[in-house]
Amino acid sequence: MINLVRCPSEERTASEEASLRALESLMTEFFHNCTTNERKREIEELLNNFAQQIGAWRFCLYFLSSTRNDYVMMYSLTVFENLINKMWLGVPSQDKMEIRSCLPKLLLAHHKTLPYFIRNKLCKVIVDIGRQDWPMFYHDFFTNILQLIQSPVTTPLGLIMLKTTSEELACPREDLSVARKEELRKLLLDQVQTVLGLLTGILESIWDKHSVTAATPPPSPTSGESGDLLSSLLQSPSAAKLLNQPIPILDTESEYICSLALECLAHLFSWIPLSTSITPSLLTTIFHFARFGCDTRVRKMCSVNGSSQNSVLGQERGRLGVLAMSCINELMSKNCVPMEFEEYLLRMFQQTFYLLQKITKENNAHTVKSRLEELDESYIEKFTDFLRLFVSVHLRRIESYSQFPVVEFLALLFKYTFHQPTHEGYFSCLDIWTLFLDYLTSKIKSRLADKEAVLNRYEDALVLLLTEVLNRIQFRYNQAQLEELDDETLDDDQTEWQRYLRQSLEVVAKVMELLPTHAFSTLFPVLQDNLEVYLGLQQFVVTSGTGHRLNITAENDCRRLHCSLRDLSSLLQAVGRLAEYFIGDVFAARFNDALTVVERLVKVTLYGSQIKLYNIETAVPSVLKPDLIDVHAQSLAALQAYAHWLAQFYSEVHRQNPEQFISLVSTALEAITPLISSKVQEKLLLSACHLLVSLATTVRPVFLISIPAVQKVFNRITDTSAQRLPDKAQVLVCRALSNVLLLPWPNLPESEQQWAVRSTNHASLISALTREYRQLKSNAILQQRKVQLEDTKVIIHQTLSVLEDIVESISGESTKSRQICYQSLQESVQVSLALFPAFIHQSDVTDEMLSFFLTLFQGLRVQMGVPFTEQIIQTFLNMFTREQLAESILHEGSTGCRVVEKFLKILQVVVQEPGQVFKPFLPSVISLCMEQVYPIIAERSSPDVKAELFELLFRVLHHNWRYFFKSSVLASVQRGVAEEQMENEAQFSAIMQAFGQSFLQPDIHLFKQNLFYLETLNTKQKLYHKKIFRTTMLFQFVNVLLQVLVHKSHDLLQEEIGIATYNMASVDFDGFYSAFLPEFLASCDGVDSNQKNVLGRNFKMDRDLPSFTQNVHRLVNDLRYYRLCNDSLPPGTVKL
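Residue numbering for the sequence shown is 118 to 1253, as defined by this note's numbering.
Next up, the structure:
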């Protein structure tokens, strides 16, 4: 056991010695793998108690200087850390002086022998003292660091201290007052110039010292080539010569010092503003070191002898390059560039592009790719980050400099992109091109006058990019790499291969937007080649005993066919992605290109369906069969992408000669109908269904209903003996058929819409789809056995999923369409309402029924009429009793909660309805919320149901404000004369109280949502200004918001809370400053009256938003800081 006894000095050494031995054995025991958790807890408690005792630090000082045990040293430093950060205020000044003097001495004496993690911890403890005491009580804190850096023996130690100081003092945690934080930043900024000068000196002197002695390498085959582009980039032969010097070979110590200096710079650059303190010579030096990352020779020399020490050195060299690039990227990420710094930036870019040219240079010995593969992966990552920052933050600034060759830069970026050794690297580079294309697109939109000039400047680069990206997605050119991509595992709903294809096609689409003609003439011939192969397969189809077989069996032929089909599938997706660039204003100009594409697609889809390639036998079924299915599905999907083009085509030609259009649509339908069968693979079936939906919904030709192929689908779907399609397909086909009958035909007047016939047909379609459902009787269900009940549930699920989808798809359409839809559905809706009570305890069925009713309310409430709507709401209100709600929320898990949420969503639709129709329901809706739902969920930590409930309460207030505040016109004219009349005050207060309570709960999403609701009510309805809010609630809310800030429980919302506090306080600034603030401070515990006065004085009486929120954050920070200080004082301390 460790004893802490005050004893005479000769005894004390013995006592300290004994304590040290005890501590060492405790530490060894604690970390021994046989020690039980129980025992570990005992030891931990013992050590914590020891650390809390006044004077424990003296023992720790002795331990640090007398032990070699790492655990003991670490523990002793933790005691000091705790003392300095939490108890420093209460430490006698004599003791502080002793600690300030002893710890640096200890560091100086032992820094060479201490393990690095102990040394770094000791540095941090000393910096923590500086954070509290510099410059007032520890005036030589920073001077000491500068001296350490300047003395060659202690340079590394000084650099570690400097970096720790930058980390701990420039961006300190909240355990300092705002005034102290500002003071520290100012003190550090005063030192920046000196520090940067020192660091420049260190890096330059090491470089120069080793450059002189560096052996001159044999002339490399590349050394003569660097003139052309480089001189145009650097504008000065001397700079080019400088950067062409051989890289020095550093000894381990120099390398270590350089890496520490670069780490310091990277951290300093993260917070110091761009200014002339960052000199050209410093920038040039950093670039010299960035070359370490891209010089493969350095790495080779290190691995020549194959000795492990040398290869480690090689990694260190590479690391210097990575650190230098980190420094450059810190500077690059700053968007705010002072005028005087712009020239420096230009110089930085020129130097980095010199490096880029170096890494992408080809010569006899190296391809670009093999060069990039030899470089450190982190270096490549940093370099790509640099390029991204350059394009996203600085390109607009730099492009205007005539001496900056943007086109040459793009050429280098092109080489860099297409020689990336990894897929991730390639993706990152594609992102950079996407940023560049976005920049170019927005530049052209804003400068229509010289659009052509801008495009001409970049045209060649864009065409090259397009061609190369297209080559990269084709197995014909890139099989080895594409085979590596995983097409099985889903990540973010897409496989690696899908992501690769999608990102590539986005680049293709962006180029298409800028250069439509070029892009099309590049892509279409490639598509055409692969189509020839596919369309030529017909000659290899032979009839066998079991069906059709593809007579291609040679392994090499099968492999070539596999590649061609994969490519065709990708190119079909590309053609589909470009559909949007043929419609709208450019329809006529690009008509012929689009027509060519659509004709090809129609031909291909029909061909696939006619020779039934999806059912064909092949030599390698596991590979070729999925390929053939995929091509067929993609051709249908690509054709679907042109639905908007077909619709525009229809509106242009419907009066003159629509033959061509009619032929396209009819042929497409011939391709679709054979696929609508439960025997067809789901991927292909769904593609066909989606195309059918688009033709029925987007194109809507008047003749659709009379095409035999469509009538065939009608008969198949309404025939009860036919096998039902899988759920998704069934829903899509029913949606298409319903839309054929419901949606108004484009280009025709109302009188020619044939509503009567279509209405009859729709009624019989729905009647056939719901036959079994309408025969269900609620009283019969209650007597069903389990097996029967499951069958009933299947009928309900299948019918409601179809009906819900039909309603949803026409909810935004004309009144006539919705009327017909409701007439057809009326009986099914009444059946649903009658069945509802029978299933109230089956939450899976109730969930589906409420989904259906919610969709009805959102889309057809006008058509349902008031009496029936009232009947539905009344039924629900009667069914959802307090007991039923409790059962759903508390005992039925997520499905039960979903049921209640959907019920509340239905009520949200009801209370938003304008006019007086549903106003009679308001009292019962509010009472359901406040007396039944709210008490069940208020105390639960789970967020279920809460978001929906508060949204409903918000809608009740927002859309029914006059239910609470009867504002007469006269009162609003004579503002202030008559105060608004308040009605239903108790309900209003209860709702507000619920909002207030929600701010005391940990759920940050609910907090954000509810704060937004209150702010919206204030913007729209002046909530905070209402008398009842102003006099009884305003400062309660402000109090809660301030407490939340003090407790840091919702830190992500600091800004929103600050603004809301301002909006509330600004209603009554006088009351806020004269009454609320003094009361708030008086009620704060953990701070004394003097501190409260300071807090009050520091809160300036500003009335503008930025100053007010700054004052709020200062108050919160300092209040927390004072509490921290006061907690750290020893008990019984007298404060003056």
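Backbone N, C-alpha and C fix where the C-beta goes; we use that ideal spot for every residue, glycine too.
- Secondary structure note for Val659: its beta strand (DSSP E) is the uninterrupted segment Val658 to Ser661.
- For Gly701, no beta strand (DSSP E) segment is defined, and its DSSP state is neither H nor E.
- Residue Val1155 holds the alpha-carbon nearest to the alpha-carbon of Phe1189 among Gly1203, Val1155 and His1164.
- Excluding five sequence positions before and after Leu842, the CB atoms of its chain that fall closer than 6 Å to its own CB belong to Ser795, given in chain order.
- Excluding residues up to 5 positions away in sequence, Ile549, Leu552 and Phe553 lie with their Cβ nearer than 6 Å to the Cβ of Val508 in the same chain.
- Excluding the 5 residues flanking it on each side, Lys451 has same chain C-beta neighbours closer than 7 Å at Leu391, in chain order.
- Per DSSP, Arg841 lies in no alpha helix (DSSP H) and is assigned neither H nor E.
- Between the region 596 to 603 and the region 512 to 529 there are fewer than three C-beta pairs closer than 8 Å, too few to call the two in contact.
- The DSSP-derived three-state label of Lys1083 is strand.
- Looking from the CA of Glu1068, the closest CA among Gly438, Asn1127 and Glu479 belongs to Asn1127.
- In the DSSP assignment, Arg666 falls within the unbroken beta strand (DSSP E) covering Gly664 to Leu667.
- Counting only runs of 4 or more residues that sit fully inside the region 1119 to 1187, the alpha helix (DSSP H) segments are 1121 to 1138, 1144 to 1149, 1151 to 1164 and 1171 to 1182, in chain order.
- For Cys938, the uninterrupted alpha helix (DSSP H) run begins and ends at Thr932 to Leu952, by DSSP.
- The straight-line gap separating the alpha-carbon atoms of Glu930 and Asp744 is approximately 39 Å.
- Boundaries of the alpha helix (DSSP H) harbouring Asn588: Lys568 to Arg589, taken from the DSSP string.
- Rounded to the nearest angstrom, the Cβ distance from Val1028 to Thr972 is 18 Å, too far for a contact under 8 Å.
- In the displayed model, Met1099 falls within a strand according to three-state DSSP.
- Counting C-beta atoms within 10 angstroms of its own C-beta, His384 has 16 or more neighbours from the protein chains shown and is therefore classed as buried.
- According to DSSP, Gln520 shares a beta bridge with no other residue.
- Distance between Ser563 and Asn446, taken at the CA atoms: about 29 Å.
- In this structure, Phe197 places its C-beta atom within 9 Å of the C-beta atom of Val242.
- Per DSSP, the continuous alpha helix (DSSP H) segment holding Pro633 begins and ends at Pro633 to Leu652.
- Contact annotation: the region 174 to 186 does not touch the region 1209 to 1223, with fewer than three C-beta pairs closer than 8 Å.
- Under the Cβ criterion (8 Å, minimum of three pairs), the region 198 to 215 does not count as touching the region 147 to 162.
- The region 706 to 726 and the region 742 to 756 touch, with three or more beta-carbon pairs separated by less than 8 Å.
- As DSSP reads the structure, Gln611 sits in a beta bridge with Asp608.
- Between Met442 and Phe386 the beta-carbon gap is near 12 Å, outside 8 Å, which marks them as no contact.
- For Glu479, the three-state secondary structure derived from DSSP is coil.
- Using a 10 angstroms sphere on the CB of Leu920, the tally of other CB atoms reaches 16 or more, which defines it as buried.
- Sixteen is the threshold: when 16 or more other Cβ atoms of the shown chains lie within 10 Å of the Cβ of Asp747, as they do, the residue is buried.
- Here Pro221 is actually not in contact with Leu304; their C-beta atoms are around 19 Å apart, not less than 8 Å.
- Listed in chain order, the non-local C-beta contacts of Ile1043 below 7 Å within the same chain comprise Val1073 and Gln1104, local neighbours out to five positions each way being set aside.
- With contacts defined as CB atoms closer than 9 Å, Ile235 and Met191 qualify as a contacting pair.
- Note on Arg619: under 16 other CB atoms within 10 angstroms of its CB, so exposed under the neighbour-count rule.
- Just measuring C-alpha positions, the residue of Val979, Val946 and Glu1056 sitting nearest Val1034 is Val979.
- Secondary structure note for Arg1214: its alpha helix (DSSP H) is the uninterrupted segment Ser1206 to Asn1215.
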